[in-house]
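Heads up: the sequence shown at position 115 corresponds to 114 in numbering that gives the first Met the number 0, and the numbers run straight through without jumps. So the structure is just underneath, and the comments pick up after that.
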Amino acid sequence: MAVTHDVIPDGTLRVLDHGFVRLDDAMATDLSVVNAARVSFARRKDEMDDSDAGLIRFLMRDRHGTPFEHNAFRFHIRCPIFVAREWFRHRVGSFNEFSMRYARATDDFYVPEPEDVRSQVGKPGAYSFEPVDPELAERTREELREVYEHAYATYERLVEAGVARELARAVMPVGAYTEFFWTVNARALMNFLSLRAAETAQREIRRYAEACETFFADAMPITHAAFVASGRIAP
Ligand SMILES: Cc1cc2nc3c(=O)[nH]c(=O)nc-3n(C[C@H](O)[C@H](O)[C@H](O)COP(=O)(O)OP(=O)(O)OC[C@H]3O[C@@H](n4cnc5c(N)ncnc54)[C@H](O)[C@@H]3O)c2cc1C
0 MAVTHDVIPD GTLRVLDHGF VRLDDAMATD LSVVNAARVS FARRKDEMDD
50 SDAGLIRFLM RDRHGTPFEH NAFRFHIRCP IFVAREWFRH RVGSFNEFSM
100 RYARATDDFY VPEPEDVRSQ VGKPGAYSFE PVDPELAERT REELREVYEH
150 AYATYERLVE AGVARELARA VMPVGAYTEF FWTVNARALM NFLSLRAAET
200 AQREIRRYAE ACETFFADAM PITHAAFVAS GRIAP
């Protein structure tokens, strides 16, 4: 029997065909940056003013990074495994992922929209990704669906026959969806955004990074504006 986790919790940004980014919780304000910096002078504030916004811009510009670490975002994410593999390269942060040892794999797989089926032109480091003709886009989607169906049917057959889930999962393609929690501070989040919400990043992870950035900008608008004004370079 197919298993689906296709229930989208409230307060969630949907990404790709079955994915989402949800801010599970956050302890993150612009004031936390200011107070972390001002502790050097044994000072603390309860409200932001213009001089605090100026301080944040200065810290960002001069890359005084540590005051941006005294906060936390806990994201809940569902994405294809190939996106998660890119994501997990970001070592500063904490991850816990859905386990295909302990739970049955779902049959949610990523099929790109026709406009996201693209060709790869140029050299490594300078690729451009061009649209393909509608016929090739549709064929790609169909071929993906066929492989996914075959892989999932094989997975189910093996599990039903008594093979351990931890081994049967070997047939699952990297287009299968996984789910994880990611807790990260604003400094490491900005590093992630500068790399993964960039034109050079793969389109799929970029969509996720853009969703994370929306939550970041909501929670820490002054820090976010300073990050953008500094050319999106993490401090
Ligand atoms: C467009 C793109 C293409 C990529 N292609 C490849 C690829 O082909 N192959 C591949 O293997 N990876 C690839 N990566 C992954 C990349 O090399 C990084 O592993 C990933 O982007 C995480 O970045 P980070 O180390 O800055 O982040 P984090 O691991 O979160 O680290 C944040 C910061 O902490 C510091 N830091 C963390 N760990 C150390 C350490 N051990 N020593 C010193 N400083 C540290 C660094 O300042 C770092 O920037 C690619 C990434 C992008 C964005």
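The beta-carbon is built from N, C-alpha and C at its ideal position, and this holds for glycine as well.
Legend entry - Residue span of the beta strand (DSSP E) that contains V173, given as start and end: Here the question's residue 173 lines up with position 174 in the sequence shown. Where V173 is concerned, there is no enclosing beta strand (DSSP E), given that its DSSP letter is neither H nor E.
Legend entry - CB of F214 within 9 angstroms of CB of A83, strictly: In the sequence shown, the residue the question calls residue 214 occupies position 215. In the sequence shown, the residue the question calls residue 83 occupies position 84. 9 angstroms or more divides the Cβ of F214 from the Cβ of A83.
Inset, instruction - Report the rounded CA-to-CA distance for A224 versus T199, giving the unit in angstroms. - result: Position 225 of the sequence shown, counted from the start, is the residue given in the question as residue 224. Position 200 of the sequence shown, counted from the start, is the residue given in the question as residue 199. Approximately 21 angstroms between the Cα atoms of the pair.
Inset, instruction - Give the secondary structure of S236 by DSSP, where H, G and I count as helix, E and B as strand, and everything else as coil. - result: Absent from the structure is residue 236, since the part of the chain shown begins at 0 and ends at 234.
Legend entry - Nonlocal neighbours in the same chain, by C-beta distance under 6 angstroms from R13, ignoring five residues either side: Along the sequence shown, one-based indexing puts residue 13 at 14. Around R13: F19.
Legend entry - CA-to-CA distance, A52 to M219, given in whole angstroms: On the sequence shown, position 220 is the one that residue 219 refers to. On the sequence shown, position 53 is the one that residue 52 refers to. Cα to Cα, M219 sits roughly 11 angstroms from A52.
Legend entry - Cβ pair A187, E68 closer than 9 angstroms: In the sequence shown, counting from the first residue as 1, residue 187 sits at position 188. In the sequence shown, counting from the first residue as 1, residue 68 sits at position 69. Their beta carbons are under 9 angstroms apart, which means A187 touches E68 by this criterion.
Legend entry - Any non-hydrogen atom of ligand 1 within 8 angstroms of G10 CB: As a first step, residue 10 is located in the sequence shown; it is residue number 11 there, counting from the start. The answer is no for G10.
Inset, instruction - Whole angstroms is fine: what's the gap from T222's alpha carbon to Y151's? - result: Along the sequence shown, read from residue 1 onward, the residue named residue 222 stands at position 223. Along the sequence shown, read from residue 1 onward, the residue named residue 151 stands at position 152. So the alpha carbons of these two residues sit roughly 44 angstroms apart.
Legend entry - Under 9 angstroms between C-beta atoms of L143 and Y101: The residue given as residue 143 occupies position 144 in the sequence shown. The residue given as residue 101 occupies position 102 in the sequence shown. The answer is no: Cβ separation not under 9 angstroms.
Legend entry - Same chain, Cβ closer than 7 angstroms to D5, neighbours up to 5 away in sequence not counted: Position 6 of the sequence shown holds residue 5. With a pLDDT of only 49 at D5, under the threshold of 50, the placement of this residue in the model should not be trusted, and no figure is reported.
Inset, instruction - Please work out which residues of its chain come closer than 6 angstroms, Cβ to Cβ, to H89, disregarding the five sequence neighbours upstream and downstream, and give them in chain order. - result: The count along the sequence shown starts at 1 and reaches residue 89 at position 90. Answer for H89: F191, listed in chain order.
Inset, instruction - Tell me whether F87 sits in a helix, a strand or coil according to DSSP, three-state version. - result: On the sequence shown, position 88 is the one that residue 87 refers to. In the structure shown, F87 sits in coil (DSSP, three-state: anything other than H, G, I, E or B).
Legend entry - For H75 and G10, the rounded distance between their alpha carbons: Indexing the sequence shown from 1 puts residue 10 at position 11. Indexing the sequence shown from 1 puts residue 75 at position 76. Spanning the two alpha carbons is a distance of roughly 11 angstroms.
Legend entry - Proximity below 9 angstroms, CB of A35 to CB of P66: Counting from 1 along the sequence shown, the entry for residue 35 is found at position 36. Counting from 1 along the sequence shown, the entry for residue 66 is found at position 67. Taking 9 angstroms as the Cβ cut-off, A35 and P66 qualify as a contacting pair.
Inset, instruction - Counting only the same chain and skipping the five closest in sequence on each side, list residues whose C-beta sits under 8 angstroms from that of V33. - result: Start at 1 with the first residue of the sequence shown, and residue 33 comes out as number 34. So the qualifying residues of the chain are K44, M47, D51, L54, I55, P66.
Legend entry - Environment of F226 [buried if 16+ CB atoms lie within 10 Å]: To locate residue 226, count along the sequence shown from 1; it is residue 227. Answer is buried; the Cβ neighbour count reaches 16.
Inset, instruction - Using 8 angstroms as the cut-off, classify the Cβ of V91 as near or not near the heavy atoms of ligand 1, replying yes or no. - result: Residue numbering aside, residue 91 sits at position 92 when the sequence shown is read from its first letter. At least one heavy atom of ligand 1 is nearer than 8 angstroms to the Cβ of V91, so yes.
Inset, instruction - Note the first and the last residue of the continuous alpha helix (DSSP H) segment covering S93. - result: As a first step, residue 93 must be located in the sequence shown, where it is residue number 94. Run containing S93: none in the alpha helix (DSSP H); it sits in the beta strand (DSSP E), 93-96.
Legend entry - Where the alpha helix (DSSP H) containing I221 begins and where it ends: Position 222 of the sequence shown, counted from the start, is the residue given in the question as residue 221. For I221, the enclosing alpha helix (DSSP H) has its first and last residue at 220-228.
Legend entry - Rounded separation between R138 and G161 - CA only: Looking up residue 138 in the sequence shown gives position 139. Looking up residue 161 in the sequence shown gives position 162. Annotation: R138 to G161 spans about 35 angstroms, alpha carbon to alpha carbon.
Legend entry - Inter-residue Cα distance where the pair is Y176 and S229: Looking up residue 176 in the sequence shown gives position 177. Looking up residue 229 in the sequence shown gives position 230. One C-alpha to the other measures close to 35 angstroms.
Inset, instruction - Enumerate in chain order the residues of its own chain whose CB-to-CB distance from A196 is below 7 angstroms, with the five nearest sequence positions on each side excluded. - result: The sequence position of residue 196 within the sequence shown is 197, counting from 1. For A196, where only same-chain residues beyond five positions count, the Cβ hits under 7 angstroms are R205, A208, E209, E212.
Legend entry - Per-residue DSSP class, three states only, for V162: One-based indexing of the sequence shown puts residue 162 at position 163. V162 falls in the coil class under three-state DSSP.
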